[in-house]
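Engineer: I'd like to ask some things about the structure below.
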Amino acid sequence: MKYLILMHVDPAVLEQLTEEQQQAIGEGHGQFMAATKENGEFISTQALGDPSRSKVVRSNGEGPEVTDGPFVEAKEFMGGFYLLDVEDEARAIELASLIPDASIPGLAVEVRPVVFSDLGDG
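Here UniProt numbering is used: position 47 in the sequence shown is 47, and no number is missing along the way.
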């Protein structure tokens, strides 16, 4: 079963981290990717740009209209994700708890099942 693990970022929390903590996060993500690739659970990951660089496309009733994002005011935003193929929800939660962000107060990871997927691989 596929699960999406969403990493929620609070820039104020990140700004408070020491250089050592930031380095530990980077190394932790590298270890997480290596481990999930090795055991065959890794599908993909993407890091997303800051919401200030987002655009929102929605209908204005006459056609598409493009506005600056993000579309909601929030202190947190989705910073990236992992797409994993695991046995069940318990395993997805187990892996999510290994992501360094899950151990930092003020940051969060969300585990959500994928109900449809087309990875464009042929």
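Virtual Cβ for every residue (Gly too), placed ideally from N, Cα, C. In this text, all values refer to a predicted model and were calculated from it rather than measured experimentally.
Residue ranges of each beta strand (DSSP E) run of no fewer than 3 residues wholly in the UniProt domain "YCII-related" (1–112), ordered along the chain?
Structural biologist: 2–9, 42–47, 55–59, 64–68, 77–85
Engineer: Can you find the residues in the same chain that come closer than 8 Å, C-beta to C-beta, to residue 88, ignoring five residues on each side of it along the sequence?
Structural biologist: 1
Engineer: Let me know if residue 101 comes out buried or exposed under the rule of 16 or more other beta-carbons within 10 Å of its beta-carbon.
Structural biologist: buried
Engineer: Write down the C-beta distance between residue 8 and residue 78 rounded to the nearest angstrom, noting that I regard them as a contact closer than 8 Å.
Structural biologist: About 6 Å separates the CB atoms of residue 8 and residue 78; that is less than 8 Å, so the two are in contact.
Engineer: Quick one: is residue 92 buried, meaning 16 or more other Cβ sit within 10 Å of its Cβ, or exposed?
Structural biologist: buried
Engineer: Have a look at 32, 51, 97 and flag the residue whose alpha-carbon is nearest the alpha-carbon of residue 110.
Structural biologist: 97
Engineer: Determine the direct distance from the alpha carbon of residue 46 to that of residue 64, and round the result to whole angstroms.
Structural biologist: 27 Å
Engineer: Note down the Cα distance separating residue 34 from residue 40, rounded to an integer number of angstroms.
Structural biologist: For residue 34 and residue 40, the distance between alpha carbons rounds to 10 Å.
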